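Report on the structure given below.
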Amino acid sequence: MKSPTFSVDQAAVNDYNFTADNRLNATFTVVVRSHNRDSKYKIDYNVVVVSVYHNGYTLAYDTLGPYSQLHGDDILFTAQPKARNVMISDPGLARDIRNETQAGRFELEVRVRAAVRYEVKRWKHKNYTLRIICIPVLIGLSSGKSSQSTKCDVDRY
Numbered sequence: 011m012k013s014p015t016f017s018v019d020q021a022a023v024n025d026y027n028f029t030a031d032n033r034l035n036a037t038f039t040v041v042v043r044s045h046n047r048d049s050k051y052k053i054d055y056n057v058v059v060v061s062v063y064h065n066g067y068t069l070a071y072d073t074l075g076p077y078s079q080l081h082g083d084d085i086l087f088t089a090q091p092k093a094r095n096v097m098i099s100d101p102g103l104a105r106d107i108r109n110e111t112q113a114g115r116f117e118l119e120v121r122v123r124a125a126v127r128y129e130v131k132r133w134k135h136k137n138y139t140l141r142i143i144c145i146p147v148l149i150g151l152s153s154g155k156s157s158q159s160t161k162c163d164v165d166r167y
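Be aware that the sequence shown starts at 11, since it is given in this note's numbering, and climbs by one per residue.
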């Protein structure tokens, strides 16, 4: 059983606003590609949670699923995590976000947690959790879009 590979193919931000009192409002759009490298196993995704972080601080998340992925196939997860009036209480983090806002480029970390089950013919494996971390995901605030695809690290447990 091989773990699938993941990448963030696109990331964008809309309705971005970081207020003077350190409150963040933004709608992120994240397109995550999963490639099932296994030649035998189908993967059933029960729940997929896509989270957006900045320096280890959770900004927003979105829950998706269920999905099925045949062996050798690619699947795209499109998530729209929304940050609504998120208070950034850490002064250093608020300063970093403010500096990145002024520079017009936002550096994020995308984390994905997926509850999966591998299946071959009619035989099903136990449930696994995939933990996927994608760093760095760069978004230009003027264009609102990511500049490049980001490969992700995957752990299965």
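Where is the CB? At the ideal position from N, CA and C, for every residue including glycine.
As the structure is a computational prediction, the values presented were derived from the model and not from experiment.
- If you look at ALA113, you'll find it isn't in any beta strand (DSSP E); it sits in the alpha helix (DSSP H) that goes 101 to 113.
- Residues of the same chain with a CB within less than 7 Å of the CB of GLY82, apart from the 5 flanking positions on each side, are ASN46, SER49 in chain order.
- Taking 8 Å as the cut-off, the Cβ atoms of SER17 and THR139 do not count as close.
- Cβ atoms of PHE116 and VAL23 come within 8 Å of each other, at about 7 Å.
- Beta bridge pairing from DSSP links TYR128 with ILE53.
- In the structure shown, the three-state DSSP call for ALA22 is strand.
- Contact between the region 19 to 36 and the region 93 to 105 is present: three or more C-beta pairs spanning the two stretches fall below 8 Å.
- Remark: C-beta atoms of ARG121 and ILE143 approach each other more closely than 8 Å.
- When VAL62, THR68, VAL126 are compared, the shortest CA-CA separation from ALA89 is found for VAL62.
- The C-alpha of GLY114 lies about 18 Å from the C-alpha of ILE145.
- For ILE85, same chain residues with a beta-carbon under 7 Å away, outside a window of 5 residues either side, are SER44, TYR77, GLN79 in chain order.
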